[in-house]
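Chemist: Let me give you the structure first, and then I'll get to my questions.
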Amino acid sequence: MLPFALSLINVTFAESWKIHFFPAAIILAAVIFGPVGGIIAGVTGSVYTALFLVIPYIFAGNAIFGLLIAVFYRKTGKIVLSVLLAYLCELP
């Protein structure tokens, strides 16, 4: 529920750029609950974006993001490094 609630909150600045807060919930769920928690948080955090902004592939991207954070966190034990590695894997 937290990822969905945070997906409704964003800050707009400089030429319509937006900062979204739902990745924080995905990161938290992945670290605490592992890969399954990361996937579930990624999918629930994407509901608003997928349905109302018509970006259906966002479900898969955020689910993979949650999964990768959990996997890297289990390997390294470091949250920031795990998030950076997950972002690097999603860049291509």
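Under the working numbering, the first residue of the sequence shown carries the number -17, and numbering increases by one thereafter. Built from N, CA and C at the ideal position, the CB exists for glycine as well. All figures in this text were calculated on a predicted structure; none of them were measured in a lab.
Suppose the cutoff is 8 angstroms on Cβ atoms and the five residues either side in sequence are ignored; what does the same chain contact list for Leu49 look like?
Modeler: Here residue 49 corresponds to residue number 67 of the sequence shown, with the count starting at 1. Cβ within range, chain order: Ala12, Pro17, Gly20, Ile21, Gly24.
Chemist: Using CA atoms only, rank isn't needed, just tell me which of Tyr39, Pro5, Lys60 is closest to Leu(-12).
Modeler: Within the sequence shown, numbered from 1, the residue matching residue -12 stands at position 6. The residue with the shortest Cα to Cα distance from Leu(-12) is Pro5.
Chemist: State the Cα-Cα distance for the pair Ile51 and Ala(-4), rounded to the nearest angstrom.
Modeler: Position 69 of the sequence shown holds residue 51. Position 14 of the sequence shown holds residue -4. Their Cα atoms are separated by approximately 29 angstroms.
Chemist: What's the C-alpha gap between Ala45 and Ile8?
Modeler: If you number the sequence shown from 1, residue 45 lands on position 63. If you number the sequence shown from 1, residue 8 lands on position 26. Ala45 and Ile8: Cα-Cα distance of roughly 9 angstroms.
Chemist: Excluding five sequence neighbours on each side, which residues of the same chain lie with their C-beta closer than 7 angstroms to the C-beta of Ala68?
Modeler: The count along the sequence shown starts at 1 and reaches residue 68 at position 86. So the list reads Phe47, Leu50, Ile51, Phe54, once near-sequence residues are dropped.
Chemist: Considering only the beta carbon of each residue, do Tyr30 and Leu(-16) sit closer than 8 angstroms?
Modeler: Counted from its first residue, the sequence shown places residue 30 at position 48. Counted from its first residue, the sequence shown places residue -16 at position 2. Against a cut-off of 8 angstroms, the Cβ pair of Leu(-16) and Tyr30 comes out as no contact.
Chemist: Going by DSSP, what residues sit across from Phe34 in a beta bridge?
Modeler: As a working mapping, residue 34 is identified with position 52 in the sequence shown. Partner(s): none; Phe34 has no beta bridge.
Chemist: Is DSSP giving Ile(-9) helix, strand or coil here?
Modeler: Numbered from its first residue, the sequence shown carries residue -9 at position 9. Looking at Ile(-9) - three-state DSSP - the assignment turns out to be coil, as it is neither helix nor strand.
Chemist: Just to confirm my understanding: we take Lys0, look at its own chain, exclude 5 residues before and 5 after, and list those with CB closer than 6 angstroms. What are they?
Modeler: Here residue 0 is taken as the residue at index 18 of the sequence shown, counted from 1. Here the set comprises Asn(-8), Thr(-6).
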